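**Student:** The sequence shown: position 19 = 19 (the UniProt record's numbering), numbered continuously.
C-beta: ideal position from N, C-alpha, C; glycine also.
Keep in mind the model is a prediction, meaning the values are calculated, not measured.
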Amino acid sequence: MQDAGFDCVELDDSGIYALDETLTFTIPLYEFFTDFPRALLGLGWEKKIDAVFSHIADPHVRKIIHAHLAEGLISRANYASAIRDIGRLRLQMNALFSAQNIGLLAYPTTPCQVPPLSHVNRPDLFAEVIRNTDLASNAALPSV
Numbered sequence: 001m002q003d004a005g006f007d008c009v010e011l012d013d014s015g016i017y018a019l020d021e022t023l024t025f026t027i028p029l030y031e032f033f034t035d036f037p038r039a040l041l042g043l044g045w046e047k048k049i050d051a052v053f054s055h056i057a058d059p060h061v062r063k064i065i066h067a068h069l070a071e072g073l074i075s076r077a078n079y080a081s082a083i084r085d086i087g088r089l090r091l092q093m094n095a096l097f098s099a100q101n102i103g104l105l106a107y108p109t110t111p112c113q114v115p116p117l118s119h120v121n122r123p124d125l126f127a128e129v130i131r132n133t134d135l136a137s138n139a140a141l142p143s144v
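1) Counting pairs of beta carbons, one from the stretch 14 to 30 and one from the stretch 73 to 93, are three or more of them closer than 8 Å?
2) S14 to I64, Cα distance in whole Å?
3) Grab the span of the alpha helix (DSSP H) containing L105 for me, first residue to last.
4) Within the continuous alpha helix (DSSP H) that includes R122, where are the two ends?
5) Indicate the three-state DSSP secondary structure (helix, strand or coil) for A136 in the structure shown.
6) Can you check which of these residues, E128, A80, R122, is closest to Q113 by C-alpha distance?
7) On the three-pair Cβ rule with 8 Å, is the stretch 77 to 90 touching the stretch 137 to 144?
8) Alpha carbon to alpha carbon, what distance is there between L19 and A80?
9) Would you kindly work out how many angstroms separate the C-alpha atoms of F53 and Q100, rounded to a whole number?
10) Determine the direct distance from the alpha carbon of Q2 to that of S98, and round the result to whole angstroms.
11) Return no unless some Cβ of chain C is closer than 8 Å to the Cβ of P28.
12) Measuring alpha carbon to alpha carbon, tell me which residue in A4, T24, A82 is nearest D134.
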């Protein structure tokens, strides 16, 4: 990027990442349990919802889904708090861009090619291919 004429600087983004951590999985998981059953009901599958959940093939996804079904891992209060944190995160990002006169914020994301389908069961694959993408998603930042 410097070769293209950009000034590159390092920033202390620990506060932003600490706030972002409160959102990662709380919102998508809570909304999944609201939206997915609603979609199944809309398809007329009210008698098949349990069957759909019991046929989740991916062991990692299955574990998360069934743990939430059994224990209600994310409460309405957790969700409401995370929604408030989205607003705080976006305000912090705006302040960072303004205070530092930032035109572009770049994070290294997925440091690999799209993995072959044969690697789908690697336990670390998901974390590897979404590395550093949560912040852009949660803060509604455009990203490539």
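**Tutor:** Let me lay it out:
1) yes
2) Numbered from 1 along the sequence shown, position 14 holds the residue referred to as residue 14. Numbered from 1 along the sequence shown, position 64 holds the residue referred to as residue 64. S14 and I64: Cα-Cα distance of roughly 27 Å.
3) Locating residue 105 in the sequence shown gives position 105, counting from the first residue. Careful: L105 lies outside any alpha helix (DSSP H) and carries neither H nor E.
4) Within the sequence shown, residue 122 is the residue found at index 122, counting from 1. R122 -> no alpha helix (DSSP H), and no H or E assigned at all.
5) Reading the sequence shown from its first residue, position 136 is the one you call residue 136. Note: A136 maps to helix in three-state DSSP.
6) Position 113 of the sequence shown, counted from the start, is the residue given in the question as residue 113. It is E128.
7) yes
8) Sequence index remark: in the sequence shown, residue 80 carries index 80 (1-based). Sequence index remark: in the sequence shown, residue 19 carries index 19 (1-based). Taking the straight line from one Cα to the other gives about 14 Å.
9) As a first step, residue 53 is located in the sequence shown; it is residue number 53 there, counting from the start. As a first step, residue 100 is located in the sequence shown; it is residue number 100 there, counting from the start. If I take the Cα positions, the gap works out to 47 Å.
10) Numbered from its first residue, the sequence shown carries residue 98 at position 98. Numbered from its first residue, the sequence shown carries residue 2 at position 2. Going by the C-alpha atoms only, they are around 21 Å apart.
11) In the structure shown, chain C does not exist; there is a single protein chain.
12) Counting from 1 along the sequence shown, the entry for residue 134 is found at position 134. With distances taken between Cα atoms, D134 lies closest to T24.
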